[in-house]
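Numbering (the numbering used here), first residue to last: 200 to 437.
Take a look at the structure below.
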């Protein structure tokens, strides 16, 4: 870190109060739940805009967890500050996604090897073509091994980070499914792009909360409480 920019307008933590590895659910209340359920001696480091963040320990290792908010602009802002201003090295998104392929079930774990997107966020990299946001392989490999050790149903592949939750063109999602994309969510591509720009590491773990084409879905409460397998895989590799 070249200059001390902390606290920021969005994060009241001081430098050193956030661990090198941060788990990032979208919902700040899920961050609170993770901290209080899995971390020992969690301390809240941020309440600005109610984007709750905590640092504690898991099996003796310091780990932080912080909400990212919904959508690429939100996770882009928070992850940029974590990477650049707080010395964070690894961000593991732990979120929900809608399944796009047949045979996928609610609560399945998807590991995003790549993150397609319809967003223009990658334009900031100014590459002469289309940039393909991908996960850090070291984190990905460890997550696959951890999931298999826990006998968790895991699928690895491409996901879609969409800008729009409600699409005017209802056929868009089907075309992504036809391209082999496993699931749709709204954050992973921006996280992966920020990690590349900062020369840091990122991985997105996604628990299936609904199936886009069958209509199956978890309740809001289940989304917050029932992602045990995903969280434990993330903590094992933190």
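We treat Cβ as the ideally placed atom computed from N, Cα and C, and that holds for glycine.
What you are looking at is a predicted structure, and each value in this text was computed from that prediction instead of being measured.
- Ranking 417, 405, 386, 303 by CA distance to the CA of residue 274 puts 386 first.
- Its chain contains 291, 292, 293, 308, 310, 342, 429, 432, 433 as the residues whose beta carbon lies nearer than 7 Å to that of residue 404, once the 5 sequence neighbours on both sides are disregarded; these appear in chain order.
- In this structure, the straight-line span from the alpha carbon of residue 410 to that of residue 329 is close to 29 Å.
- Put simply, the backbone Cα of residue 355 is about 13 Å away from that of residue 338.
- Annotated as distal: residue 258 and residue 335, with beta-carbon spacing of 8 Å or more.
- Proximity of the region 413-422 to the region 359-369 falls short of the contact definition, fewer than three beta-carbon pairs being nearer than 8 Å.
- By the C-beta density criterion, residue 422 is buried, having at least 16 other C-beta atoms within 10 angstroms.
- Following the DSSP letters along the chain, one finds residue 430 in no beta strand (DSSP E) but inside the alpha helix (DSSP H) bounded by residues 427-436.
- Each residue's CA atom was taken as its position, placing residue 389 and residue 239 some 30 Å apart.
- Residue burial annotation: residue 204 is exposed, with fewer than 16 other C-beta atoms found within 10 angstroms of its C-beta.
- In this structure, residue 262 sits away from residue 217, with a CB-CB distance that is not shorter than 8 Å.
- Rounded to whole angstroms, residue 350 and residue 245 show a C-alpha spacing of 35 Å.
- For residue 283, the enclosing alpha helix (DSSP H) stretches over residues 271-284.
- For the 8 Å CB-CB criterion, residue 248 and residue 209 form a contact.
- If the five residues before and after residue 391 are omitted, its C-beta is found closer than 7 Å to the C-beta atoms of 314, 332, 333, 334, 401, all from its own chain and listed in chain order.
- Residue state for residue 393 is assigned as helix, using DSSP reduced to three classes.
- In terms of Cβ geometry, residue 382 and residue 298 form a close pair [threshold 8 Å].
- In this structure, residue 359 lies near residue 316, with their beta-carbon atoms less than 8 Å apart.
- Taking the Cβ atoms as the reference, residue 227 lies roughly 5 Å from residue 250, within the contact range of under 8 Å.
- Nearest to residue 269 by alpha-carbon distance, out of 437, 301, 296, is 296.
- Pairing residue 265 with residue 221 gives a Cβ-Cβ distance under 8 Å.
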